[in-house]
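Colleague: The following block contains the structure, expressed as structure tokens.
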Amino acid sequence: MASIPDDAICRTPPDEAPHTITRVVYRHTLPLRIMHWINAICLLILLGSGLQIFNAHPALYWGQRSTFERPWLSLAAIQTHDGKLHGVTTLGTHRFDTTGWFGVSQMHGQSTVRGFPAWATIPGPQWLAMGRAWHFFFAWLFAINGACFVAYALWTRHLTRDLVPTRRDWRGIGRSVIDHALLRHPKGEAALRYNVLQRIAYLVVIFGFGGGVVLMGLAMSPRMDSVLGWLVDAVGGRQSARSIHFLFAMGFIAFFLIHIFEVIVTGVGNNLRSIITGRYAIETEARDETDQ
Amino acid sequence: MKLINRRRRFLRDALALTGAVALGGCDKLSETDWAPKILDSATGLSHAAHRALSRDAMAREYGEADISPVFRANGSTDPQSAEYRGLAAGGFRDYRLGVGGQVAHSLSLSLDDLHALPNRTQITRHDCVEGWSVIGQWTGVQLSRVLQLAQPTRQARYVVFRCYDAMDDGSEYYESLGFDDAYHPQTLLAWELNGKALPIPNGAPLRLRVPRQLGYKMAKYLRRIDLVDSLKSIEGGRGGYWEDQGYQWYAGI
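Protein sequences, first through last, are from chains A and B.
First residue of the first sequence: 286, per the numbering used here; consecutive thereafter.
First residue of the second sequence: 1286, per the numbering used here; consecutive thereafter.
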């Protein structure tokens, strides 16, 4: 997808420097664009419904079983003498007052005891059965869409050509880190190929987070555990699987925030157009007309 | 220019639609009649996939060191009906498990009758639909042994469990299993937890154990077992108390 097809549209805007031209390149193929948006919708719904399911027992443990008195993470509520509810988040041995966000938050103008707030869960009110219905439907869609993406990326060489870092990429990793830190992004032709940090991020998110979150989801199923015992034991038990499933979900949030940030700083209109219509504009030096 | 404008409008609409569907729309869709049915179709897919992949595989059995110090009790923990209170006061000596419906032989089994059948002890994990897990040691008779005594007719397709505990809406708890789960070797009618008579909070005197499904399938305070050909005419028609509240009948996930 980073290659420039022959049918790239060329035009020279009259108001720009005479030596730059804006070229519009067909960057993302239709199947990739469709799969991107299915994936985005799936992740949003899986996250919201996942937090709904989490809220049914807002505590996480390591091991085969729940050690109720010792969760490594819990979003709980306490009531003080004046009758006021306070949200208390416990992370390891640290306790934080997170009233309004975690443990206790506002719903219909009332302080309500719940892990994650209503605006973050699907459905909004506490409704475990419905949260599960949303989650398992979109889990299938997410997994099927993900499998289609991997097959397509292998078949079209999108994976090997655009995502796996080259040797040169690895050598330039230090420079890429500095460039990212300074928000210095490649322009022109160079913007068409994914940089090394981008490649690593995509691979980690697709195969690490994506594959991992599905496997940890399966490891939570008591029926699937009858054949996935090795996997459950490999991560330390079903409650560990539940914790890791949650951490992958948090990983997706972190990726999402960075992804949106990069989309904005590298030109939100151009990026959005390219992932919706496929067309991406780059500024290039004017070349000999015979090239075109 | 026209094309660019149209494209911009499309961009904006696509974004707005995505946002609306993904967030606000989900609550509204949850309230409709049709959307939850579509969502629920995934459960059938999960059940078929799980059946194909795991067949009769056994649930993991743990060691004594893995047993939870306290086996958390959820849902009903102390049935209040006069009938149940009376049985409990007598140490369940007068308890009888009825087995009927589409069977060749209706049964009425006392705890002594059940104890006399070949029994099985297993240390298995109990996963609640809420997300937590506890591990306990269970002793009981395999449901398949009781079914062999009763001999289900050819029409029978489900095993329905009727219970003593009344729920918030006044109805009594019930659950059901298909034959693949009912005849699984680890599916027990259990009377002992961690080497002691089953405590009342955990379902005394007899409860179901189906370790490859979630806790709500494992009916406590069993009153009787009925073999039926369809679940439609029973209570809400979805095969269980929680199923009638919208939970999935297949609870292996």
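From the three backbone atoms N, C-alpha and C, an ideal C-beta is built for every residue, glycine too.
1. For A/Phe-381, which beta-bridge partners are listed by DSSP?
2. So, for B/Ala-1358: in the same chain, excluding its five sequence neighbours on each side, which residues have a beta-carbon less than 6 Å away from its beta-carbon?
3. From B/Tyr-1501 to A/His-313, what distance separates their C-alpha atoms?
4. Under a Cβ-count criterion, where at least 16 other Cβ atoms within 10 Å of its own Cβ denotes burial, should A/Glu-570 be classed as buried or exposed?
5. If you compare alpha carbons, which of B/Trp-1423, B/Thr-1438, B/Thr-1424 is closest to B/Gln-1387?
6. For a contact defined as C-beta to C-beta under 7 Å, what are the partners of B/Asp-1312 on chain A?
7. Can you name the residues of chain A whose CB is closer than 8 Å to the CB of B/Val-1414?
8. DSSP three-state call for A/Phe-387: helix, strand or coil?
9. DSSP state of A/Phe-492, grouped into three classes?
10. Taking only runs that begin and end inside the region 464–515 of chain A, name each unbroken alpha helix (DSSP H) of 4 or more residues, in chain order.
11. Just mark B/Glu-1368 as buried or exposed, buried being the case when its beta carbon has 16 or more other beta carbons within 10 Å.
12. Quick check on DSSP: helix, strand or coil for B/Asp-1511?
13. With a cut-off of 8 Å on the beta carbons, I'd call A/Phe-387 and A/Gly-377 a contact; round off their distance for me.
14. Can you tell me whether A/Thr-445 is buried or exposed? The criterion is at least 16 other CB atoms within 10 Å of its CB, across all chains shown.
15. In whole angstroms, give me the CA-to-CA distance for B/Asp-1453 and B/Gly-1360.
16. Measuring only the C-alpha atoms, how far is A/Asp-291 from A/Val-550?
17. Spell out a yes or no on whether the region 460–472 of chain A and the region 1446–1466 of chain B are touching, meaning 3 or more CB-CB pairs, one atom from each, closer than 8 Å.
18. Buried or exposed for B/Ile-1323, please, with buried defined as at least 16 other CB atoms from any protein chain shown within 10 angstroms of its CB.
19. Give every residue of the same chain whose Cβ lies closer than 6 Å to the Cβ of A/Gly-497, excluding the five residues on either side of it in the sequence, and list them in chain order.
20. So with CB distances below 8 Å, who are the chain A contacts of B/His-1335?
21. Determine the closest residue to B/Asn-1423 out of B/Ser-1331, B/Asp-1325, B/Gln-1533, B/Ile-1352, with distance taken between C-alpha atoms.
22. To the nearest angstrom, report how far apart B/Leu-1432 and B/Thr-1406 are at their CA atoms.
23. With three or more beta-carbon pairs closer than 8 Å as the criterion, would you say the region 408–425 of chain A touches the region 350–361 of chain A?
24. Rounded to the nearest angstrom, how far is the Cβ of B/Phe-1356 from that of B/Leu-1499, given a contact under 8 Å?
25. Count the other CB atoms within 10 Å of the CB of A/His-330; is the residue buried (16 or more) or exposed (fewer)?
26. What residue ranges within the region 307–374 of chain A form continuous alpha helix (DSSP H) runs of no fewer than 4 residues, ordered along the chain?
27. Can you tell me which of A/Leu-345, A/Val-553, A/Gly-335 puts its alpha carbon nearest to the alpha carbon of A/Ala-361?
28. Secondary structure at B/Lys-1517, three-state DSSP: helix, strand or coil?
29. Using a beta-carbon distance below 8 Å, is A/Arg-527 in contact with chain B?
30. Residues of chain A with CB under 9 Å from B/Thr-1317, in chain order?
31. Rounding to the nearest angstrom, what Cα-Cα distance links B/Gln-1436 and B/His-1332 in this structure?
32. Report, in whole angstroms, the separation of the C-beta atoms of B/Arg-1381 and B/Leu-1402, which I expect to be a contact under 8 Å.
33. So with Cβ pairs under 8 Å, would you call A/Trp-347 a contact of chain B?
34. Kindly list, in the order they appear in chain B, the residues whose Cβ is closer than 7 Å to that of A/Phe-421.
35. Within its chain, find whatever has a CB closer than 6 Å to the CB of B/Met-1286; leave out the 5 residues flanking it on each side and keep chain order.
36. Helix or strand or just coil, what does DSSP make of A/Arg-399?
Modeller: The short version:
1. Counting from 1 along the first sequence, the entry for residue 381 of chain A is found at position 96. Looking at the DSSP assignment, A/Phe-381 forms a beta bridge with A/Thr-374.
2. The residue you call residue 1358 of chain B lines up with position 73 of the second sequence. Excluding sequence neighbours, B/Ala-1358 sits near Pro-1486, Asn-1487.
3. Taking the second sequence and counting its residues from 1, one reaches residue 1501 of chain B at position 216. Taking the first sequence and counting its residues from 1, one reaches residue 313 of chain A at position 28. Whole-angstrom Cα-Cα distance: 47 Å.
4. On the first sequence, position 285 is the one that residue 570 of chain A refers to. Classification for A/Glu-570: exposed.
5. As a working note, residue 1387 of chain B is residue 102 in the second sequence. The candidate whose alpha carbon is nearest that of B/Gln-1387 is B/Thr-1438.
6. Here residue 1312 of chain B refers to the residue found at position 27 of the second sequence. Chain A residues near B/Asp-1312: Pro-408, Gly-409.
7. Mapped onto the second sequence, residue 1414 of chain B falls at position 129. The contacting residues are Ala-341, Leu-413, Arg-417.
8. For the purposes of this step, residue 387 of chain A is taken as the residue at position 102 of the first sequence. A/Phe-387: coil per DSSP, three-state reduction.
9. Translated into the one-based positions of the first sequence, residue 492 of chain A becomes position 207. Here A/Phe-492 sits in helix by DSSP.
10. 481–488, 496–504
11. In the second sequence, counting from the first residue as 1, residue 1368 of chain B sits at position 83. B/Glu-1368 is exposed by the Cβ-count criterion.
12. Looking up residue 1511 of chain B in the second sequence gives position 226. Residue state, collapsed to three classes: strand.
13. Here residue 387 of chain A is taken as the residue at index 102 of the first sequence, counted from 1. Here residue 377 of chain A is taken as the residue at index 92 of the first sequence, counted from 1. A/Phe-387 to A/Gly-377, Cβ: 15 Å. No contact.
14. As a working mapping, residue 445 of chain A is identified with position 160 in the first sequence. By the 10 Å Cβ count, A/Thr-445 comes out exposed.
15. On the second sequence, residue 1453 of chain B is found 168 positions in, with the first residue counted as 1. On the second sequence, residue 1360 of chain B is found 75 positions in, with the first residue counted as 1. Distance between the alpha carbons of B/Asp-1453 and B/Gly-1360: 10 Å.
16. Position 6 of the first sequence holds residue 291 of chain A. Position 265 of the first sequence holds residue 550 of chain A. Below a pLDDT of 50, predicted positions are generally treated as unreliable, and A/Asp-291, at 46, falls in that range; no measurement from the model is reported.
17. no
18. On the second sequence, position 38 is the one that residue 1323 of chain B refers to. Result: exposed.
19. Counting from 1 along the first sequence, the entry for residue 497 of chain A is found at position 212. Excluding positions up to five away in sequence, the list reads Phe-533.
20. For the purposes of this step, residue 1335 of chain B is identified with residue 50 of the second sequence, where counting begins at 1. Simply Ser-506, Arg-508, Met-509.
21. The residue you call residue 1423 of chain B lines up with position 138 of the second sequence. One detail in the question is off: residue 1423 of chain B reads as Trp in this sequence, not Asn. Of B/Ser-1331, B/Asp-1325, B/Gln-1533, B/Ile-1352, the residue nearest in Cα terms is B/Ile-1352.
22. Along the second sequence, one-based indexing puts residue 1432 of chain B at 147. Along the second sequence, one-based indexing puts residue 1406 of chain B at 121. Whole-angstrom Cα-Cα distance: 19 Å.
23. no
24. Sequence index remark: in the second sequence, residue 1356 of chain B carries index 71 (1-based). Sequence index remark: in the second sequence, residue 1499 of chain B carries index 214 (1-based). Wrong, their Cβ atoms sit about 15 Å apart, outside the cutoff.
25. Reading the first sequence from its first residue, position 45 is the one you call residue 330 of chain A. Note that residue 330 of chain A is Ile in the sequence shown here, rather than His. Buried is the call here.
26. 315–340
27. Residue 361 of chain A sits at position 76 when you count from the first residue of the first sequence. Minimum Cα distance to A/Ala-361 is reached at A/Leu-345.
28. Taking the second sequence and counting its residues from 1, the one referred to as residue 1517 of chain B is at position 232. If DSSP states are grouped into helix, strand and coil, B/Lys-1517 belongs with coil.
29. Stepping through the first sequence from its first residue, residue 527 of chain A is reached at position 242. Chain B, which has a Cβ nearer than 8 Å to the Cβ of A/Arg-527, makes this yes.
30. Here residue 1317 of chain B corresponds to residue number 32 of the second sequence, with the count starting at 1. Within 9 Å Cβ-Cβ: nothing; B/Thr-1317 doesn't reach chain A, min ~11 Å.
31. Reading the second sequence from its first residue, position 151 is the one you call residue 1436 of chain B. Reading the second sequence from its first residue, position 47 is the one you call residue 1332 of chain B. Cα to Cα, the separation comes out at about 26 Å.
32. Indexing the second sequence from 1 puts residue 1381 of chain B at position 96. Indexing the second sequence from 1 puts residue 1402 of chain B at position 117. Not really, about 15 Å apart at Cβ, beyond 8 Å.
33. Residue 347 of chain A sits at position 62 when you count from the first residue of the first sequence. For A/Trp-347, the answer is no, since every Cβ of chain B falls outside 8 Å of its Cβ.
34. Residue mapping note: residue 421 of chain A aligns to position 136 of the first sequence, counting from 1. The answer, in chain order, is Ala-1327, Thr-1328, Ser-1331, Ile-1538.
35. The residue you call residue 1286 of chain B lines up with position 1 of the second sequence. No answer about B/Met-1286 holds up, because its pLDDT of 48 lies below 50 and its placement is not dependable.
36. For the purposes of this step, residue 399 of chain A is taken as residue 114 along the first sequence, with counting starting at 1. In the structure shown, A/Arg-399 sits in a strand (DSSP, three-state: E or B).
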